[in-house]
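The sequence shown lines up with residues 13 to 704 when you count with the numbering used here.
Quick reminder that beta carbons are idealized off the backbone N, C-alpha and C, glycines included.
Bear in mind that the values here come from a model prediction, so they are computed numbers and not experimental data.
Below is one structure, written out as structure tokens; comments come after it.
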Amino acid sequence: MTLSREESESKSLIDSIHSSLQTFTNQDDLSNAFKDFSLIQYYAISSNSLFILHPISSLLLCCTNLKSLSHGKQLHTHIIKLGFEQSLVLVPKLITFYSTFGHLGDAHIITENSNVVHSLPWNLLISAYVKNGLSGKAIFAYKQMVGMGIRPDNFTYPSVLKACGDELELEFGMEIHRSIETRVDLDWCLFVHNALLAMYGKCGRVDIARRLFDNMPERDIISWNSIITGYASKSMWKEAFELFERLRLANVQLNIITWNTIAGGYVQTGNCKGALGLISQMKYRGAYVDPVAIVIGLAACSRIGSFKVGREIHGYAIRSHYDLVDSVRNALITMYARCLDLRRSYFLFRSTETKNLVTWNSMIGGYAQFDQYEEASFIFREMVASGFEPNYVTIASILPLCARVANLQHGKELHCYIVKRGEFQEYLLPWNSLVDMYSKSGKISEARGLFNSMKEKDEVTYTSLIAGLGMQGEGHAAIELFEEMNKRGVKPDHIAMVAVLSACSHSGLVSEGEMLFEKMINVYKINHRMEHFACMADLFGRAGLLRRAVKLITEMPFSASPAMWATLIGACRIHGNTDIGEWAAEKLLEMKPENSGYYVLIANMYAAAGCWSKLAYVRKLMRDFGVRKAPGCTWIDVGNGFHPFVVGDTTNTYVLEIYQLLHGLSKHMNEAGYIACYDLMFGDESFEEYTA
Numbered sequence: 013m014t015l016s017r018e019e020s021e022s023k024s025l026i027d028s029i030h031s032s033l034q035t036f037t038n039q040d041d042l043s044n045a046f047k048d049f050s051l052i053q054y055y056a057i058s059s060n061s062l063f064i065l066h067p068i069s070s071l072l073l074c075c076t077n078l079k080s081l082s083h084g085k086q087l088h089t090h091i092i093k094l095g096f097e098q099s100l101v102l103v104p105k106l107i108t109f110y111s112t113f114g115h116l117g118d119a120h121i122i123t124e125n126s127n128v129v130h131s132l133p134w135n136l137l138i139s140a141y142v143k144n145g146l147s148g149k150a151i152f153a154y155k156q157m158v159g160m161g162i163r164p165d166n167f168t169y170p171s172v173l174k175a176c177g178d179e180l181e182l183e184f185g186m187e188i189h190r191s192i193e194t195r196v197d198l199d200w201c202l203f204v205h206n207a208l209l210a211m212y213g214k215c216g217r218v219d220i221a222r223r224l225f226d227n228m229p230e231r232d233i234i235s236w237n238s239i240i241t242g243y244a245s246k247s248m249w250k251e252a253f254e255l256f257e258r259l260r261l262a263n264v265q266l267n268i269i270t271w272n273t274i275a276g277g278y279v280q281t282g283n284c285k286g287a288l289g290l291i292s293q294m295k296y297r298g299a300y301v302d303p304v305a306i307v308i309g310l311a312a313c314s315r316i317g318s319f320k321v322g323r324e325i326h327g328y329a330i331r332s333h334y335d336l337v338d339s340v341r342n343a344l345i346t347m348y349a350r351c352l353d354l355r356r357s358y359f360l361f362r363s364t365e366t367k368n369l370v371t372w373n374s375m376i377g378g379y380a381q382f383d384q385y386e387e388a389s390f391i392f393r394e395m396v397a398s399g400f401e402p403n404y405v406t407i408a409s410i411l412p413l414c415a416r417v418a419n420l421q422h423g424k425e426l427h428c429y430i431v432k433r434g435e436f437q438e439y440l441l442p443w444n445s446l447v448d449m450y451s452k453s454g455k456i457s458e459a460r461g462l463f464n465s466m467k468e469k470d471e472v473t474y475t476s477l478i479a480g481l482g483m484q485g486e487g488h489a490a491i492e493l494f495e496e497m498n499k500r501g502v503k504p505d506h507i508a509m510v511a512v513l514s515a516c517s518h519s520g521l522v523s524e525g526e527m528l529f530e531k532m533i534n535v536y537k538i539n540h541r542m543e544h545f546a547c548m549a550d551l552f553g554r555a556g557l558l559r560r561a562v563k564l565i566t567e568m569p570f571s572a573s574p575a576m577w578a579t580l581i582g583a584c585r586i587h588g589n590t591d592i593g594e595w596a597a598e599k600l601l602e603m604k605p606e607n608s609g610y611y612v613l614i615a616n617m618y619a620a621a622g623c624w625s626k627l628a629y630v631r632k633l634m635r636d637f638g639v640r641k642a643p644g645c646t647w648i649d650v651g652n653g654f655h656p657f658v659v660g661d662t663t664n665t666y667v668l669e670i671y672q673l674l675h676g677l678s679k680h681m682n683e684a685g686y687i688a689c690y691d692l693m694f695g696d697e698s699f700e701e702y703t704a
């Protein structure tokens, strides 16, 4: 097009001002840029308004980058007045501008009212919806786009497939996949295939994702991450680990997503040392160790009690300024608590200015794990007073405490709370904790009723009730429930085997216990652990089969623990076999245990047998090792919390009332025919001091 002399001069002047405008926009100086725009607008109107198109484009981009909504809207008004609202240059920039501010409704109106028959505006809109977590609207926009006859391209598909994955729209995702395969006008695109992998992985169809992955002519780290993450989401860790090893051999540059996914998988499968080793490799190779990796490392330390490594990770978090990130701080609280440093855990908890529910749960869980009843109760009540509503994790931490301190009333209150909170229905954890609480509190009928009312049960549900039945001496019922568990396809784990073997032990079911023990490897595919041998030793010991217990302990592939020797000693005392008991006592004393209960057990055995010189020797050992018998302690719920009640304590405000009640209970026991074995009540004080 030939310009007149006047138009050429105006264009030259506008170009000069446009250059100045661009300088101001590059300097983020919107005020002066708009002054230049006013000049451009004046000269363009007096000549050719098309000259103003590119300055508007530059200015609109600047408004977007500087996030100036008011200036951008003002500019949009000028665009409409000038009749440029259908410009192929400006429509995409307007969509991007409004999307930047989250005004997706305005962006959608501009897109659907545009006469631009091109995929670009729709691609920008669909992508914006996905980025803002509105995947459902992204899918709607895609359908609208196709309905208007606009063909998607290789930039459309990745966004809409991500939306399908986020919304778990498998059928529609497969429909899009089929449409892609029929498009002869589209070249093979790595981005589209990666999006398909991710979509199928999120929708749980890792089988289709794997076929796609295996047939891809080219792969990048995103391809590998997508398939590995897909397996991880289904807990198919064996396949995920195999692909990870292939990835390392392929010399593909790993990124933080790969490292974190596999490290997290190691923790979930119990390979905590492997997880820590992987994080160490990340640092060695110069990979970016983000807060997620730190949390995974701390979780690994928590599970295996690796205090030293946990502190090293804490130091790294401080140096990286990640120690104040909520997830990292909460993981630190948990790590120190599980590594027996409750003091440091509590310090971190108190120094956290803005606590969230996970912070409170971490501290409550730390105290609950080590039976710190009073402290856990105090934190729980403080949490509620601070306006936080307990979630299913909180409830699962507190309920076991209710069972341990026989605070059934508090447990029932929490049961009511769970029922009222409808959202708890989808979580098994609080319901399993309720079954466990009622079982451990001796309320088997309530535990059974709750168990039967549960629509879904897992191995924890069954194990809790089996353990409860065992503690109440209902061994046959426990075995029946264990068999029902297997018939219903719920696979028992090593903890379930401990529960059922313990039930056999408490009920004297020797042959049944032996049969279950033998079936562990061949039928249930569970390897024998120390705790299973301990259950069998207890089973034989309670039944008086002491030589079989000795044979088991001496021939098992583990070194006997102090607790196992103590079990045998207790059985020898009950059945009056001092010879084996003395041999077991020698084995136990060789280990120089710090637990005063073991020495008391040995002393009681000697006292029962009348071996006073040996009893005196044990007392001398206790003095030499600095071991003192811990005073008997129980917990009572008074008013607003749990309180300890220690033998011989005279500092309690209600000491007279407490001992009067204790005296009354002793009287009722005597009237019922109970005869205390005073000669076995070995300690530094006599029983008469507390019953006189």
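Inset, instruction - Might you give, ordered along the chain, the residues of its own chain that have their beta carbon closer than 6 Å to the beta carbon of Glu700, omitting 5 neighbours on each side? - result: Position 688 of the sequence shown holds residue 700. Because Glu700 carries a pLDDT of 36, less than 50, the predicted location of this residue cannot be relied on, and the following value inherits that uncertainty. Taking Glu700 as the centre and dropping the five residues before and after it, the same chain places no C-beta closer than 6 Å to its C-beta.
Inset, instruction - Evaluate Ser235 with the Cβ neighbour count: other Cβ atoms within 10 Å of its Cβ, from every protein chain shown; 16 or more gives buried, anything less gives exposed. - result: For this step, residue 235 is matched to residue 223 along the sequence shown. Residue burial annotation: Ser235 is buried, with at least 16 other C-beta atoms found within 10 angstroms of its C-beta.
Inset, instruction - Go ahead and label Asn534 buried or exposed: buried means 16 or more other beta carbons lie within 10 angstroms of its beta carbon, across all protein chains shown. - result: If you number the sequence shown from 1, residue 534 lands on position 522. The residue is exposed, with fewer than 16 neighbouring Cβ atoms inside 10 Å.
Inset, instruction - Could you say which of Ser514, Arg585, Arg554, Arg393 lies nearest to Met483 if we only look at CA atoms? - result: Against the sequence shown, residue 483 aligns to sequence position 471. Nearest C-alpha to Met483: Ser514.
Inset, instruction - Name the residue from Val101, Ile407, Gln280, Gly114 whose alpha carbon lies nearest to the alpha carbon of Leu146. - result: In the sequence shown, counting from the first residue as 1, residue 146 sits at position 134. Checking every option, the nearest Cα to that of Leu146 belongs to Gly114.
Inset, instruction - Determine the direct distance from the alpha carbon of His544 to that of Arg560, and round the result to whole angstroms. - result: In the sequence shown, counting from the first residue as 1, residue 560 sits at position 548. In the sequence shown, counting from the first residue as 1, residue 544 sits at position 532. Going by the C-alpha atoms only, they are around 15 Å apart.
Inset, instruction - Would you kindly check if the distance between the Cβ of Gly177 and the Cβ of Ala221 is under 8 Å? - result: Against the sequence shown, residue 221 aligns to sequence position 209. Against the sequence shown, residue 177 aligns to sequence position 165. Going by C-beta atoms, Ala221 is not nearer than 8 Å to Gly177.
Legend entry - Burial state of Ile407, where buried means 16 or more other Cβ atoms lie within 10 Å: Working through the sequence shown from its first residue, we reach residue 407 at position 395. Ile407 should be labelled buried.
Legend entry - Residues near His587 in its chain [Cβ-Cβ closer than 6 Å; skip 5 each side]: As a first step, residue 587 is located in the sequence shown; it is residue number 575 there, counting from the start. Correct list, in chain order: Gly556.
Inset, instruction - Would you mind reading off the limits of the alpha helix (DSSP H) that contains Gly423? - result: Within the sequence shown, the letter at position 411 stands for residue 423. For Gly423, the enclosing alpha helix (DSSP H) starts and ends at 420-432.
Inset, instruction - My understanding is that Tyr348 touches Ile306, with C-beta atoms under 8 Å, so please give their C-beta distance in whole angstroms. - result: Taking the first residue of the sequence shown as position 1, residue 348 is located at position 336. Taking the first residue of the sequence shown as position 1, residue 306 is located at position 294. Actually they are not in contact, since the Cβ atoms of Tyr348 and Ile306 sit about 14 Å apart, beyond 8 Å.
Inset, instruction - Could you name the residues of the same chain whose beta carbon sits closer than 6 Å to that of Glu697, not counting the 5 residues immediately before and after it, in chain order? - result: On the sequence shown, position 685 is the one that residue 697 refers to. Note that Glu697 scores a pLDDT of 41, beneath 50, so its modelled location is shaky and nothing firm can be said.
Legend entry - the region 423-435 in contact with the region 377-389 per 3-pair CB rule at 8 Å: Flag = no, the region 423-435 and the region 377-389 do not touch.
Legend entry - Neighbour-count burial assignment, Ser58, 16 or more Cβ in a 10 Å radius: Here the question's residue 58 lines up with position 46 in the sequence shown. In this prediction, Ser58 has a pLDDT of 46, which is less than 50 and means its spatial position is unreliable; what the coordinates show is noted afterwards. Exposed is the call here.
Inset, instruction - List the endpoints of the continuous alpha helix (DSSP H) containing Arg516. - result: In the sequence shown, the residue the question calls residue 516 occupies position 504. This sequence places Cys at residue 516; Arg is not what is there. First-last of the alpha helix (DSSP H) with Cys516: 506-519.
Legend entry - Segment limits, alpha helix (DSSP H) that includes Ala572: For the purposes of this step, residue 572 is taken as the residue at position 560 of the sequence shown. That residue, Ala572, is in no alpha helix (DSSP H); it is neither H nor E in DSSP.
Legend entry - Ordered list of alpha helix (DSSP H) runs contained in the region 107-186, each at least 4 residues: Counting only runs of 4 or more, we get 116-124, 131-143, 147-159, 168-179.
Legend entry - Cβ neighbour criterion (16 or more within 10 Å) applied to Asn227: If you number the sequence shown from 1, residue 227 lands on position 215. Asn227 should be labelled exposed.
Legend entry - Candidates Arg258, Leu198, Asp199, Val172: closest to Met186 by CA position: For the purposes of this step, residue 186 is taken as the residue at position 174 of the sequence shown. Comparing Cα-Cα distances from Met186 to each of Arg258, Leu198, Asp199, Val172, the minimum goes to Val172.
Legend entry - Unbroken stretches of the beta strand (DSSP E), 3 residues or longer, contained in the region 437-461: Taken in chain order, no unbroken stretch of beta strand (DSSP E) lies wholly in the region 437-461 with a span of 3 residues or more.
Inset, instruction - Express the C-alpha separation of Leu677 and Ser517 in angstroms, rounding to a whole number. - result: By 1-based counting over the sequence shown, the position of residue 517 is 505. By 1-based counting over the sequence shown, the position of residue 677 is 665. Rounded to whole angstroms, Ser517 to Leu677 spans 30 Å at the Cα level.
Legend entry - Given Ile274 as reference, the closest of Ala244, Ala140, Leu71 once Cα atoms are compared: Position 262 of the sequence shown, counted from the start, is the residue given in the question as residue 274. Checked all of Ala244, Ala140, Leu71; the closest Cα to Ile274 is Ala244.
Inset, instruction - Can you tell me which of the three DSSP states Gly480 falls into? - result: For the purposes of this step, residue 480 is identified with residue 468 of the sequence shown, where counting begins at 1. The DSSP-derived three-state label of Gly480 is helix.
Inset, instruction - Find out if the Cβ-Cβ distance for the pair Ser573, Met542 is shorter than 8 Å. - result: For the purposes of this step, residue 573 is taken as residue 561 along the sequence shown, with counting starting at 1. For the purposes of this step, residue 542 is taken as residue 530 along the sequence shown, with counting starting at 1. Yes; because the gap between Cβ atoms is below 8 Å, this pair is in contact.
Inset, instruction - Would you kindly work out how many angstroms separate the C-alpha atoms of Ala119 and Pro67, rounded to a whole number? - result: Position 107 of the sequence shown, counting from 1, holds the residue named residue 119. Position 55 of the sequence shown, counting from 1, holds the residue named residue 67. Their backbone Cα atoms lie some 21 Å apart in a straight line.
Inset, instruction - Can you tell me which of Phe570, Glu669, Cys584 puts its alpha carbon nearest to the alpha carbon of Leu551? - result: Residue numbering aside, residue 551 sits at position 539 when the sequence shown is read from its first letter. The shortest C-alpha separation from Leu551 is found at Cys584.
Legend entry - Distance CB(Ile592)-CB(Leu558) smaller than 8 Å: As a first step, residue 592 is located in the sequence shown; it is residue number 580 there, counting from the start. As a first step, residue 558 is located in the sequence shown; it is residue number 546 there, counting from the start. Yes, the pair counts as a contact, with Cβ atoms nearer than the cut-off.
Legend entry - Option in Asp40, Ile52, Phe46, Thr270 with minimal Cα separation from Ile29: By 1-based counting over the sequence shown, the position of residue 29 is 17. Measuring from the Cα of Ile29, the nearest candidate turns out to be Ile52.
Inset, instruction - Any chance you could list the alpha helix (DSSP H) runs of at least 4 consecutive residues sitting entirely within the region 345-410, in chain order? - result: Counting whole runs of 4 or more residues, the region 345-410 contains the alpha helix (DSSP H) stretches 354-363, 369-381, 385-397.
Legend entry - CB of Met449 within 8 Å of CB of Leu411, strictly: Start at 1 with the first residue of the sequence shown, and residue 449 comes out as number 437. Start at 1 with the first residue of the sequence shown, and residue 411 comes out as number 399. Cβ atoms of Met449 and Leu411: closer than 8 Å.
Inset, instruction - Leaving out five residues on either side along the sequence, give the residues of the same chain with a beta carbon under 8 Å from the beta carbon of Arg460. - result: Taking the sequence shown and counting its residues from 1, the one referred to as residue 460 is at position 448. If the five residues before and after Arg460 are omitted, its C-beta is found closer than 8 Å to the C-beta atoms of Leu477, all from its own chain and listed in chain order.
Inset, instruction - Measure how close the beta-carbons of Leu266 and Leu255 come, nearest whole angstrom, since I'm counting them as under 8 Å. - result: Stepping through the sequence shown from its first residue, residue 266 is reached at position 254. Stepping through the sequence shown from its first residue, residue 255 is reached at position 243. Contact between Leu266 and Leu255 is ruled out by a C-beta separation of about 12 Å, above the 8 Å threshold.
Legend entry - Glu471 versus Met509 - alpha carbon distance: Here residue 471 is taken as the residue at index 459 of the sequence shown, counted from 1. Here residue 509 is taken as the residue at index 497 of the sequence shown, counted from 1. If I take the Cα positions, the gap works out to 11 Å.
Legend entry - Endpoints, alpha helix (DSSP H) assigned at Val304: Within the sequence shown, residue 304 is the residue found at index 292, counting from 1. Where Val304 is concerned, the enclosing alpha helix (DSSP H) stretches over 303-316.
Inset, instruction - Give the range of the alpha helix (DSSP H) segment to which Arg331 is assigned. - result: Translated into the one-based positions of the sequence shown, residue 331 becomes position 319. Counting along the chain, the unbroken alpha helix (DSSP H) around Arg331 starts and ends at 319-331.
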